[in-house]
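K.L.:
Numbering (our numbering), first residue to last: 31 to 190.
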Ligand SMILES: O=c1ccn([C@H]2C[C@H](O)[C@@H](COP(=O)(O)OP(=O)(O)OP(=O)(O)O)O2)c(=O)[nH]1
């Protein structure tokens with residue numbers, strides 16, 4: 031069963047009232063990266079290719095900071111710290127306004143026990159302006175059986 035937005039909000043920080051939805055919590059865009067070098071997925075490991083943060087200066091008059099993103103694929107880091115509680119699994123969906131602007135967020139499974147500031151794949155099919163801190167996605171939590179908790183290489187990522 032999926033949990034309420036109020037329940038999800040207890041596992042996401044920081045959040046404002048505006049982010050808490052009936053069935054989940056909205057996530058914001060913090061840093062947008064552009065991949066520069068090939069990554070590598072092997073049978074027993076992986077390497078993430080080098081990337082750079084997209085510059086904000088293309089709209090330097092903009093306040094707050096705004097990314098101008100031409101058509102392409104980007105990795106976006108969310109602004110919130112997420113902790114997937116035991117007995118649950120997380121899914122992130124794009125905010126529909128992204129889709130309506132010809133953009134899409136692709137995501138994977140959020141494991142029980144994971145904690146960090148995770149990332150998603152932002153596909154831009156038509157140029158878009160994206161304010162840093164704007165809501166782009168929504169996290170939902172569903173009850174799930176599991177034997178172990180997440181202890182992979184992304185555990186604790188991007189926490190200051
Ligand atoms: O869209 C997503 C989906 C998941 N995660 C986080 C939560 C998840 O628990 C963790 C690891 O995901 P996954 O298990 O798919 O990573 P992996 O590529 O298998 O690496 P590892 O073996 O180190 O876990 O990444 C994200 O940041 N973005």
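Cβ atoms here follow ideal geometry from the backbone N, Cα and C, with glycine treated the same way.
Can we count residue 183 as close to ligand 1, meaning its CB is less than 6 Å from some heavy atom?
P.N.:
Yes, the Cβ of residue 183 comes within 6 Å of a heavy atom of ligand 1.
K.L.:
With residue 160 and residue 72 assumed to form a contact (beta carbons below 8 Å), what rounded beta-carbon distance in angstroms separates them?
P.N.:
The Cβ separation is near 33 Å, so there is no contact.
K.L.:
Does ligand 1 have a heavy atom nearer than 6 Å to the CB of residue 58?
P.N.:
The answer is no for residue 58.
K.L.:
If residue 168 and residue 125 are in contact, beta carbons under 8 Å, what's the gap, nearest whole angstrom?
P.N.:
Residue 168 to residue 125, Cβ: 6 Å. Contact.
K.L.:
Near residue 128, which residues of its chain fall below 7 Å by C-beta distance, leaving aside the five closest residues on each side in sequence?
P.N.:
Counting only Cβ-Cβ distances below 7 Å, and skipping sequence neighbours, we find 134, 135 and 166.
K.L.:
Looking at residue 157 and residue 85, is the spacing between their C-beta atoms short of 7 Å?
P.N.:
Against a cut-off of 7 Å, the Cβ pair of residue 157 and residue 85 comes out as no contact.
K.L.:
Along the chain, where does the beta strand (DSSP E) containing residue 63 start, and where does it finish?
P.N.:
Its beta strand (DSSP E) spans residues 55 to 65.
K.L.:
Once the 5 residues before and after residue 56 are set aside, which same chain residues still bring their CB inside 6 Å of it?
P.N.:
Hits under 6 Å: 49, 165 and 168.
K.L.:
Decide if residue 46 is buried, meaning its Cβ has at least 16 other Cβ atoms within 10 Å, or exposed.
P.N.:
That one is exposed.
K.L.:
Kindly indicate which residue of 117, 163, 155 and 132 has the alpha-carbon position closest to the one of residue 144.
P.N.:
It is 117.
K.L.:
Out of 69, 115 and 131, state which residue places its alpha-carbon closest to the alpha-carbon of residue 105.
P.N.:
Of the listed residues, the one whose Cα sits closest to residue 105 is 69.
K.L.:
Taking Cβ to Cβ, would you say residue 146 is nearer than 7 Å to residue 188?
P.N.:
Yes, Cβ-Cβ distance for residue 146 and residue 188 is below 7 Å.
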